[in-house]
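Asker:
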Amino acid sequence: MNKIFSRANVPEFLQNRRLRGIAVLMALLAILGIVLSFLLNWIFGLVILVLVGISMLLVFNTMAEIGADTTQYISDLSFRIQQGEQEALIRMPPGVMILGDNDQVEWVNPYLQHYFGDTDVLNRPLNDVDEDLAKLVASVEPQTMTTVRWRDYRFTLYVQPDFHAVYLYDITHYQLIQEQYDNEKIAIGQIFLDNYDEITQSMTDQDISNLRNYVTNELSAWVQQFDMYLKQLDDDHYFVLAYAKSLAAIEADKFKILDTIRESTSKQNFPLTLSMGIAYGDANLNKLADQAQSNLDLALGRGGDQVVVKAADQEARYYGGKTNPMEKRTRVRARMISQALQELMSESDQIFVQGHTQPDMDSLGACLGIRRIAKMNNKTCWIVLDKETVHSDVQRLLDNLKAYPDVDAAIISPAEALEKATDQSMLLMVDHSKPSISISAELYQRLENRVMIIDHHRRGEEFPENPLLVYIEPYASSTCELITEMFEYQSQESEPINKLEATAMLTGIFVDTKHFSLRTGTRTFDAASYLRSAGADAVEMQQYMKENVDSYLQRNHLIEMVEFVNEDMALITGEEDQTYDPVTAAQAADDLLNMSGVDASFVITRRADGRVGISARSLGEINVQLTMEAMGGGGHLSNAATQISDKTVAEVKQELLDILNHANEPEPATT
1 MNKIFSRANV PEFLQNRRLR GIAVLMALLA ILGIVLSFLL NWIFGLVILV
51 LVGISMLLVF NTMAEIGADT TQYISDLSFR IQQGEQEALI RMPPGVMILG
101 DNDQVEWVNP YLQHYFGDTD VLNRPLNDVD EDLAKLVASV EPQTMTTVRW
151 RDYRFTLYVQ PDFHAVYLYD ITHYQLIQEQ YDNEKIAIGQ IFLDNYDEIT
201 QSMTDQDISN LRNYVTNELS AWVQQFDMYL KQLDDDHYFV LAYAKSLAAI
251 EADKFKILDT IRESTSKQNF PLTLSMGIAY GDANLNKLAD QAQSNLDLAL
301 GRGGDQVVVK AADQEARYYG GKTNPMEKRT RVRARMISQA LQELMSESDQ
351 IFVQGHTQPD MDSLGACLGI RRIAKMNNKT CWIVLDKETV HSDVQRLLDN
401 LKAYPDVDAA IISPAEALEK ATDQSMLLMV DHSKPSISIS AELYQRLENR
451 VMIIDHHRRG EEFPENPLLV YIEPYASSTC ELITEMFEYQ SQESEPINKL
501 EATAMLTGIF VDTKHFSLRT GTRTFDAASY LRSAGADAVE MQQYMKENVD
551 SYLQRNHLIE MVEFVNEDMA LITGEEDQTY DPVTAAQAAD DLLNMSGVDA
601 SFVITRRADG RVGISARSLG EINVQLTMEA MGGGGHLSNA ATQISDKTVA
651 EVKQELLDIL NHANEPEPAT T
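Heads up: the sequence shown begins at 1 in full-length UniProt numbering, then just goes up one per residue.
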């Protein structure tokens, strides 16, 4: 009985659960019909039985045929699916490789074998088959699509460690399209001749024409070399259009056109320098043009003779900047700035002026000068100062201010300034342009739409977004020099600068020029002469610049720890557990320049606020500003600094050494 009803003897259609259910239902209905028929009439029941038997036989045969066809169809479909899977695995475009436990190649599909050529890969370690591919497979994160380059092809590499499977999708065609698209993105540049007006003032028309032709010819040859477009907009202004590929090439060339023109014109006694601002990365040409102009302004604000390459929302890249900015022979800009300052003051209800944190004599002297100019224009001016963080020289000046009650009363704390500030007030940032190092960053945020900047440091990437007026002249010795020049254009009927203010401003110039030995020009001495005639006291200046005993001993202690880097650089590293005054560290850096053979000096110390500070100085041949910018700081070509948080003195020293060693590595030869 079991044999009769075994699964092998059941018709195929009855092996289907759904069809089996239908057959049972039909059988039950037929039996019910036959029983009812026999109850009514046995002859009628017999007829119904015969008809039902015939119908059941027909239905049984029909359903058997349907079941057989269905089974055959499913069998054929399964075979085709299995065959398709096998064919796809063998012939599909993605390369497939199966590795063994020891990374030996157990199987590759024909598509991937094509990239190995005639090389026998099976049963061999992948590292022996292709070392580069083995490194790529080992380096990618499992189950992550990673774009790699292998054998001049670009692939998307995917590794399944559970199945020891490696998948390689050839995307070379699409990658080349992407690279072509990236290479053909537009870059816009602005070129400016920094000191064209000053140089051509004393030249004959023929010399001017020759100089202009020389510069244009050099720039034309340069753009042709790198497949760019050049258009002269003015005597000292050019427009450049380039592809991103060309931009990458000239960046690799380090913009040697700057050196070419500077060196050639210097030999002719017409030292001309270039500044460039180049923008890229945006499809909107208007935004690109605005960014290029902003980059040019940044290059000029840093002293010129350099290139700023920057895309929106990205860090700027600097090239050049190897020379000190040249002093401008004309004071036209000083007069224009002075007039603009008077207009802005007249539109403001009160003026606030603040320098940088840890203010020096130049910073406070500039604040006193601005207060005097505001007084000359009948405006109230407040000097914002945190008296708890001043150095000894500044403290001596503050003590002397008590003899001038009106000036002393104008010095207020950051908290008082915030209380007094209104929407019509104006803030002047002097001796700095970075909001993050202002004495009161909160006051800057309160008045960020009504800010003016007067500074002599090179402009950095951090800069107020919408200043009312910017007066940055890196050629100047100090901010006090720039502000002193403005007194000439004030009302002669107003109360003049007093003795204390003149002494403080002259001290600021004296300190920043290292006793008139660095960064001085004719206008520096003109400003000093004016302040001297206004009553600046040389004896009082010496009192402000005196050192206390502790500072003197601490500076000498630092100098005893000097070591040399690359023969022409001196480095001092303070103890990790010892804090040093920033002014003392700066003085030690200045003293190192007096040593024979030292062209640049760096002093690394732990500050009282917990940060590690670096004071960097040079004689002008080495650009310490670029070094400090690489570490988050800034300053002048010959005078710069930075402060670093969350690092030890030893870590900061190693970072500095890495930057200095990298800067002195020879450039690779070009063919």
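Don't be surprised by glycine CBs; every beta carbon is placed ideally from N, CA and C.
1. Go to asparagine 537, then tell me how far its alpha helix (DSSP H) extends in each direction, as first and last residue.
2. What is the DSSP secondary structure of serine 477, reduced to helix, strand or coil?
3. Return the CA-CA distance between glycine 535 and glutamine 543, expressed in angstroms with no decimal places.
4. Taking only three categories from DSSP, how would you classify isoleucine 370?
5. Which whole-angstrom value describes the C-beta separation of leucine 571 and glutamate 563, a residue pair presumed to lie in contact below a C-beta threshold of 8 Å?
6. Let me know if valine 652 comes out buried or exposed under the rule of 16 or more other beta-carbons within 10 Å of its beta-carbon.
7. Do tyrosine 167 and glycine 100 have their C-beta atoms within less than 8 Å of each other?
8. Using the Cβ count rule (16 or more neighbours within 10 Å means buried), how would you classify methionine 603?
9. Among Thr422, Glu419, Ser517, Lys499, whose alpha-carbon lies nearest the alpha-carbon of residue 679?
10. Keeping to the same chain, check which residues put their C-beta closer than 7 Å to that of glutamine 578; ignore five residues upstream and five downstream.
11. By the 10 Å Cβ neighbour count, where 16 or more other Cβ atoms means buried, how is proline 435 classified, buried or exposed?
12. Compute the Euclidean distance between the alpha carbons of threonine 389 and aspartate 360, then round it to the nearest angstrom.
13. According to DSSP, simplified to helix, strand and coil, what is asparagine 639?
14. Starting from the C-beta of leucine 656, find all residues in its chain whose C-beta is less than 8 Å away, skip the five residues before and the five after it, and write them out in chain order.
15. Would glutamine 358 be called buried (16 or more neighbouring beta carbons within 10 Å of its own) or exposed?
16. At what residue ranges does the stretch 591–655 contain a whole run of the alpha helix (DSSP H), taking only runs of 4 or more?
17. DSSP three-state call for phenylalanine 516: helix, strand or coil?
18. According to DSSP, is tyrosine 444 helix, strand or coil?
19. Identify which residue in Gln424, Gly460, Leu364 has its Cα closest to the Cα of asparagine 449.
20. Hey, out of Glu461, Ser618, Tyr229, whose CA is closest to serine 596's CA?
21. To which residues of the same chain is alanine 8 closer than 8 Å at the C-beta, ignoring the five residues directly before and after it?
22. Taking contact to mean at least 3 C-beta pairs separated by less than 8 Å, is the stretch 208–221 in contact with the stretch 153–169?
23. Based on Cα-Cα distance, which residue from Pro582, Glu547, Glu576, Val598 lies nearest to threonine 648?
24. Does the count of Cβ pairs from the stretch 371–385 and the stretch 487–504 closer than 8 Å reach three?
25. Quick one: Cα of leucine 28 to Cα of proline 93, how far?
26. Once you ignore the five residues that flank lysine 3 on each side, which residues in its own chain have a CB closer than 6 Å to its CB?
27. On the three-state DSSP scale, how would you describe lysine 231?
28. With a threshold of 16 other CB atoms inside 10 Å of the CB of isoleucine 472, please say whether the residue is buried or exposed.
29. Does the stretch 282–297 touch the stretch 250–265, meaning 3 or more C-beta pairs lie closer than 8 Å?
30. Take alanine 527 as the anchor and find which of Asp393, Leu506, Glu184, Gly117 has the nearest alpha-carbon.
31. Name the DSSP bridge partner or partners of isoleucine 383?
32. Using 8 Å as the cut-off, can you tell me whether the stretch 228–236 makes contact with the stretch 292–309, which would need three or more C-beta pairs spanning the two stretches below that distance?
33. If you draw a straight line from the alpha carbon of threonine 422 to that of histidine 456, how long is it in whole angstroms?
34. Could you check where the beta strand (DSSP E) with alanine 279 kicks off and where it finishes?
35. How should glutamine 587 be labelled, buried or exposed, when 16 other C-beta atoms within 10 angstroms of its C-beta is the threshold for buried?
36. Starting from arginine 335, trace the alpha helix (DSSP H) both ways and give me its first and last residue.
Answerer: Let's see:
1. Note that residue 537 is aspartate in the sequence shown here, rather than asparagine. Here aspartate 537 belongs to no alpha helix (DSSP H), and DSSP marks it neither H nor E.
2. Three-state result, serine 477: coil.
3. Distance from the CA atom of glycine 535 to the CA atom of glutamine 543, rounded to whole angstroms, is 16 Å.
4. Residue state for isoleucine 370 is assigned as helix, using DSSP reduced to three classes.
5. 5 Å between Cβ atoms; contact.
6. By the neighbour-count rule (16 or more Cβ atoms within 10 Å), valine 652 is buried.
7. No, the pair does not count as a contact, with Cβ atoms beyond the cut-off.
8. Correcting the residue identity first, residue 603 is valine in this sequence and not methionine. Counting Cβ neighbours within 10 Å, valine 603 comes out buried, since at least 16 surround it.
9. The structure shown has nothing for residue 679, since the chain only spans 1 to 671.
10. Here the set comprises Arg606.
11. Proline 435 is buried by the Cβ-count criterion.
12. Straight-line measurement puts the Cα of aspartate 360 at about 11 Å from the Cα of threonine 389.
13. Three-state DSSP puts asparagine 639 in a strand.
14. If we look at leucine 656 and ignore the five residues flanking it on each side, its Cβ neighbours are Leu571, Phe602, Ile604, Ile614, Thr627, Met631.
15. The residue in question, glutamine 358, is buried, as its Cβ has 16 or more Cβ neighbours within 10 Å.
16. As for any alpha helix (DSSP H) of minimum length 4 sitting wholly inside the stretch 591–655, the runs are 624–630, ordered along the chain.
17. Three-state DSSP puts phenylalanine 516 in coil, outside helix and strand.
18. Helix.
19. Cα-wise, what sits closest to asparagine 449 is Gln424.
20. The residue with the shortest Cα to Cα distance from serine 596 is Ser618.
21. Unreliable positioning characterises alanine 8 in this predicted model, as indicated by a pLDDT of 43, which lies under 50. A coordinate reading is not provided.
22. Contact fails: fewer than three Cβ-Cβ distances are below 8 Å.
23. Taking each of Pro582, Glu547, Glu576, Val598 in turn and checking the Cα distance to threonine 648, the smallest one comes out for Glu576.
24. Enough Cβ pairs lie closer than 8 Å, so yes.
25. Approximately 57 Å between the Cα atoms of the pair.
26. Residue confidence for lysine 3 is low, a pLDDT of 41 falling below 50, so the modelled location carries little weight; the figure read from the coordinates is stated next. No residues qualify anywhere along the chain.
27. In this structure, lysine 231 counts as strand in the three-state DSSP scheme.
28. Buried is the call here.
29. Judged by Cβ distances under 8 Å, the stretch 250–265 makes no contact with the stretch 282–297, as fewer than three pairs qualify.
30. Taking each of Asp393, Leu506, Glu184, Gly117 in turn and checking the Cα distance to alanine 527, the smallest one comes out for Leu506.
31. Within the DSSP secondary-structure output, isoleucine 383 pairs in a beta bridge with Val353, Ile411.
32. In this structure the stretch 228–236 does not lie against the stretch 292–309, because fewer than three pairs of beta carbons, one per stretch, are closer than 8 Å.
33. Linking threonine 422 to histidine 456 through their CA atoms gives a straight-line distance of about 28 Å.
34. Its beta strand (DSSP E) spans residues 274–280.
35. Per the 10 Å Cβ criterion, buried.
36. Residues 332–346.
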